[in-house]
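Visitor: Take this structure, written in structure tokens, and hold onto it; I'll ask about it next.
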Amino acid sequence: MKSWRKVLALLLALALVVGMTACSGGGESSTSTPESSTSETSEPADESSEPADESESSEEAEEPATDDTTTGSYPREESLYQGGQQWATPVSNNPMAANANYAAMANGDTGARELVWETLYMYNISDSKDYPLLADGDWVWADDNSTVTVKLKAAAHWSDGSDLTAADVEASWDAYVNYDTNLGIAYEPYITDIVAVDDDTVEFQVNTGDGMNLMKVEELIRKMYIMQKAYLEELDAANGSDATAMKNEAMWDAPSTAPYHPLEQNDQKWVIQRDDNYWGQDESMWGKLPVPKYIIHNIYSSNDVGAQAFMNGEIDINQMYTANIQTMWEDEGLPISTYMEEPPYNGPGTIPTVVYNVQKPGLDQTALRKAIAMAVDYDQIIASAMTGQSPTFKEYPRTLFNWSDAQQAMILDKEALAPLQWTGNDVEGAIALLDEAGIVDSNGDGNREWNGAELSFKVECPTGWSDYEAALTIVQEAGKDLGIAIETYFPEAAQYNDDLQAGNFDITLTSYGGTTYGAAYFYMYGFGGEFPEVMTTNQGRWYNEEADALIEELANCLDETRQLEIYQRLNEIYLTEVPSFGVMYRPFQFMACNESVWTNFPNENDGSDPKIPPMMCSDGYGVAALYNLELVNG
183 MKSWRKVLAL LLALALVVGM TACSGGGESS TSTPESSTSE TSEPADESSE
233 PADESESSEE AEEPATDDTT TGSYPREESL YQGGQQWATP VSNNPMAANA
283 NYAAMANGDT GARELVWETL YMYNISDSKD YPLLADGDWV WADDNSTVTV
333 KLKAAAHWSD GSDLTAADVE ASWDAYVNYD TNLGIAYEPY ITDIVAVDDD
383 TVEFQVNTGD GMNLMKVEEL IRKMYIMQKA YLEELDAANG SDATAMKNEA
433 MWDAPSTAPY HPLEQNDQKW VIQRDDNYWG QDESMWGKLP VPKYIIHNIY
483 SSNDVGAQAF MNGEIDINQM YTANIQTMWE DEGLPISTYM EEPPYNGPGT
533 IPTVVYNVQK PGLDQTALRK AIAMAVDYDQ IIASAMTGQS PTFKEYPRTL
583 FNWSDAQQAM ILDKEALAPL QWTGNDVEGA IALLDEAGIV DSNGDGNREW
633 NGAELSFKVE CPTGWSDYEA ALTIVQEAGK DLGIAIETYF PEAAQYNDDL
683 QAGNFDITLT SYGGTTYGAA YFYMYGFGGE FPEVMTTNQG RWYNEEADAL
733 IEELANCLDE TRQLEIYQRL NEIYLTEVPS FGVMYRPFQF MACNESVWTN
783 FPNENDGSDP KIPPMMCSDG YGVAALYNLE LVNG
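Numbered per our numbering, the sequence shown spans residues 183 to 816.
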């Protein structure tokens, strides 16, 4: 049996994924954006999709005090206003906190938020590559994969003027582990230590024994916020080395290497201010300061209030799903822009996915799972739940991967997958599949049975997630067409999360936002058929011996050719066994821009190289956008 820490790591490694499926303010639409929790992110071992604080972390704190949030406190031409990521009072600026509820920071598989804390590397969802930030050059694996070496940029320094050194990186890791943070617990099974070789060189020492996982090591390198050793030592002394006290420290005054620092935070808004001595203006990094002096996020009571503020020009970049967003410029004539000029308007990202609980009688039958998936009308889902803001499965046939060029390039043989794929609304084919499998209506009541029992299931998602609710209503209709009783069930988000993790559901809708390895792990890894009581990945508890072996091999495979072969076979198994199925494509973030004050936001034709992703000018390599912004009247 694995140690408790390793089991807990499996439960935390993807702890943000569930949260990534959730959380738009006011509960009117789901989003794929990580909450402000920083203690752990969407990993493949557990989800997004955010640590086990889950999707409602943004709604647990106090109610926003008022909707009277204006842009009058700070010079408008110096202030970039965000929307859609903070829905309650921030708790702390502490990367070790279980739930900081502070949207100025977050770290996930889609890249850490590089505003008030920094990581060694920035992940770029546009090309699935990592770019050095505090690091100098690429990380280097030892020939035997026992260590990873990272060099630090000579120019990097703390906001108090002291140099960043490898000792700070070592101390950060020690803090995450010693204080039992979610990140420390999640990654300690894969890292034996992180040590400072000299002032400029860090060595990640890999656990090469049981549970060796090189992919998890690379995840950690790109997502671990670096804290100052001297500051941590002061906090430790003040708190008597108490882990809980350390995680509860607010850390609003903590030195950091980041371009912005907390200035104001309350139940109305948070404000961060540019550090004009930021090291990143050195030619070895950005060569200049980010353009906005302030970044501000007002706290609104609902999506509707936030949407009106966006239309009024009180929000510059907005991470809220807006139905028929094109009407804002076509009908209203507003200076609103999206990453793409034409549908689907947003870049690639997540795939909201129906997950079957295969421990339930009937759903353990592949024919039943595939029949429901074949009968669903995905075009109707895209039209109603996404108002056309999603490519179709005809344009990008279903796999584990999203529709980005980077992920589509990882499909080794598309023709070989074609016979296994489906585009939906094939009721006739689904009925034939069920009949052939002996899943029939034997008593003439209009409902099919399996092993003498009527087939009746609930499909579940949180109440108020209107796009998910619309999708599941269409899944319900598919069941009706097949003679399978499917009832929609929309509980509160907290109950949904409990049901999801405990396996207390029949059919549910969730999402993972991250890497290709993460997607395979999240939906397919079966833990050798021995499932923990609480699952935050593969909540349907599906197990396939070959899939497990392939995912375990993939975890330590750095050979790109072999990786493609493994992904090809995993896709074949996934499409054949159908433990789950995607219902639509969604972006990582719904980034819409009001260009009444600022312009030159990332877009698909901006010519940036590397390509700057539409990640709210903050996440991973998306932070590069802050250096390109221009004033409309400037």
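For every residue, glycine included, the Cβ atom is placed at its ideal position computed from N, Cα and C.
Given the structure is predicted, the values throughout are model-derived calculations rather than measurements.
1) Using only alpha-carbon positions, find the residue among V814, W269, Q677, P792 that is nearest to S483.
2) Within 10 angstroms of its Cβ, does K662 collect 16 or more other Cβ (buried), or is it exposed?
3) What is the DSSP secondary structure of S261, reduced to helix, strand or coil?
4) Start and end of the beta strand (DSSP E) containing Y703?
5) Any contact of the region 426-443 with the region 772-785, i.e. 3+ C-beta pairs under 8 Å?
6) Are three or more beta carbon pairs between the region 680-690 and the region 497-515 nearer than 8 Å?
7) In whole angstroms, what separates the C-alpha of A412 from that of Y671?
8) So, at 8 Å on beta carbons, what are the nonlocal neighbours of V818 in its own chain, with the 5 sequence-adjacent residues on each side left out?
9) So, is V322 buried or exposed, given that buried needs 16 or more other C-beta atoms within 10 angstroms?
10) List the residues that DSSP assigns as beta-bridge partners of Q501.
11) Excluding the 5 residues preceding and the 5 following Y538 in the sequence, name in chain order all residues of the same chain whose CB lies nearer than 7 Å to its CB.
12) For G366, does the count of other Cβ atoms within 10 angstroms reach 16, so buried, or fall short, so exposed?
13) For F492, which of helix, strand or coil comes out of DSSP?
14) What's the gap between the Cα of K311 and the Cα of I481?
15) Using CA atoms only, rank isn't needed, just tell me which of V657, Y650, L315 is closest to P673.
16) Can you tell me whether DSSP reads K335 as helix, strand or coil?
17) Using 10 angstroms around the beta-carbon of S231, count the other beta-carbons present and answer buried if the total reaches 16, otherwise exposed.
18) Is it buried or exposed for T743, if we count other Cβ within 10 angstroms and need 16 for buried?
19) Does T509 come out as helix, strand or coil in the three-state DSSP assignment?
20) Within this structure, are the beta carbons of E276 and A282 separated by less than 7 Å?
21) Is the beta carbon of L315 closer than 7 Å to that of Y303?
22) If you scan the region 380-445 from start to end, which runs of the alpha helix (DSSP H) of 4 or more residues do you find wholly inside it?
23) Residues in the same chain with beta-carbon distance under 8 Å from I373, minus the five sequence neighbours each way, listed in chain order, please.
24) So what does DSSP say about Y460, is it helix, strand or coil?
25) Given this structure, state the Cα-to-Cα distance separating P579 from W468, to the nearest angstrom.
26) With DSSP as the reference, label G531 as helix, strand or coil.
27) What is the rounded straight-line gap between the Cα of I666 and the Cα of T645?
28) Rounded C-beta distance between P714 and Q447? I'm assuming under 8 Å.
29) Considering N137, what are the terminal residues of the alpha helix (DSSP H) in which it resides?
30) Pull up the CB-CB distance for T532 and Y407, whole angstroms please, since I reckon it's below 8 Å.
31) Between the region 746-754 and the region 593-604, do at least 3 Cβ pairs fall closer than 8 Å?
32) Give the secondary structure of S354 by DSSP, where H, G and I count as helix, E and B as strand, and everything else as coil.
33) By alpha-carbon positions, which one of P534, Y707, A612 ends up nearest to W647?
34) Would you grab the beta carbon distance between Y803 and P795 for me? Rounded to a whole angstrom, and I think it's under 8 Å.
35) Return the residue from the list M706, Y476, G626, N738 that minimises the CA-CA distance to K451.
36) Thinking just about the alpha-carbon of each residue, which of A619, G634, I554 is nearest to the one in N625?
Guide: Taking the structure as given:
1) W269
2) Flag for K662 reads exposed.
3) DSSP places S261 in strand when its eight states are reduced to three.
4) Careful: Y703 lies outside any beta strand (DSSP E), inside the alpha helix (DSSP H) at 698-706.
5) no
6) no
7) 51 Å
8) Look at the range of the chain in this structure, 183 to 816, and you will see that residue 818 is not part of it.
9) exposed
10) M773
11) L545, R551, I689, G722, P761, S762
12) buried
13) helix
14) 33 Å
15) Closest option to P673, judged by alpha-carbon separation, among V657, Y650, L315: Y650.
16) coil
17) In this predicted model, S231 has a pLDDT of only 30, less than 50, meaning its place in the structure is not dependable enough to derive any value.
18) exposed
19) Three-state result, T509: helix.
20) With the sequence shown as reference, residue 276 is identified as Asn, and Glu is not the correct amino acid for it. Going by C-beta atoms, N276 is nearer than 7 Å to A282.
21) yes
22) 396-405, 411-420, 425-430
23) W355, F386, Q387, V388, N389, V399, L402
24) Note: Y460 maps to coil in three-state DSSP.
25) 39 Å
26) strand
27) 23 Å
28) Wrong, their Cβ atoms sit about 36 Å apart, outside the cutoff.
29) This structure cannot speak to residue 137, because the chain is shown only from 183 to 816.
30) Not really, about 23 Å apart at Cβ, beyond 8 Å.
31) yes
32) helix
33) Of the candidates P534, Y707, A612, the residue whose Cα lies closest to the Cα of W647 is P534.
34) 6 Å
35) Y476
36) G634
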